[in-house]
Each structure stands twice: as structure tokens, then as C-alpha cells.
Amino acid sequence: MLKLAQTDQQTNRQGKNNMSPTTIINILTKFHKDWMKTVTSTINILTNFHKDWMKTVTSTVYTSALMNILTKFHKDWMKTATSIINILTKFHKDWMKTVTSTVYTNKLLRDTRTHAHRNIRTPDITQSH
1 MLKLAQTDQQ
11 TNRQGKNNMS
21 PTTIINILTK
31 FHKDWMKTVT
41 STINILTNFH
51 KDWMKTVTST
61 VYTSALMNIL
71 TKFHKDWMKT
81 ATSIINILTK
91 FHKDWMKTVT
101 STVYTNKLLR
111 DTRTHAHRNI
121 RTPDITQSH
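Numbering (the UniProt record's numbering), first residue to last: 1 to 129.
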């Protein structure tokens, strides 16, 4: 078995510390202050992270909600616009049929009249009966 050496000197006490209670309290106080700074800094960082995260989430939620509203508005608007375009297209088709029919009819009538006047001689109206 190992025997420990014993000394008679008071200053060389093995296993004992030479610090006074005031020194220990000062060290613990400094440790506590440093620890509190670290904890406070960590809390501030986490709080800032949480605030930034909340801004991001809130922005995402509002953006998503806004996009849904805008998408619905766009769809409704497109239905209305499509309906108006369909009405205008139908009106245009009907109008084109009417114009085409009128022009074609007038052309036929004009061609028939001129053709008839060329071949048929009208009697002179100047002679009396």
C-alpha cells in the first residue's frame, strides 16, 4: 500500500486550498455574473430568433392568405372577363352575319338590276296611245 508523505509545514498542506472565503465568494460571484451574461445573451438571441421567426411565419401566413384572396379574385374576374368576351364574340359573329347578308343581298340585287337593264329594252314612254 502507498503511504502519503507527511510534512510539518503549514504552507504545504496537500488537499487543502489556500483561498479565503471572501476569495471563493468573489470567484463564485464573478462566475455567476458571467453565467448571467451568457444566459441573458442566449435568451436575447433566442428572443430575436423567435421574433424573426414569427415575422417570417406571419408574413408567410398573410402572404398565403392574400394569394388565396387574389387567386380567387383573379378566377372570378376571369370568369366575368370570359363571359364578356363570349358575349362580344357572339355579338361580333351575329353582326358579321348580318353585315355579310346585307352586303351580299345588296350586291345580288344590284347585279340583277343591272343585268336586267342591259338585256331588256324598255319601251319608250314618250309615245301616246
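Note that CB positions come from ideal geometry on N, CA and C, so glycine has one too. Remember, it's a predicted structure, so these values are computed and weren't measured experimentally.
Assigned secondary structure, residue i (DSSP; H/G/I helix, E/B strand, else coil)
i      : result
Asn106 : helix
Ser20  : coil
Close beta carbons around residue i, own chain, < 8 Å, minus the five adjacent residues each side
i     : result
Ser59 : none
Ala81 : none
Same chain, Cβ closer than 6 Å to residue i, five either side skipped, listed in chain order
i     : result
Ser20 : none
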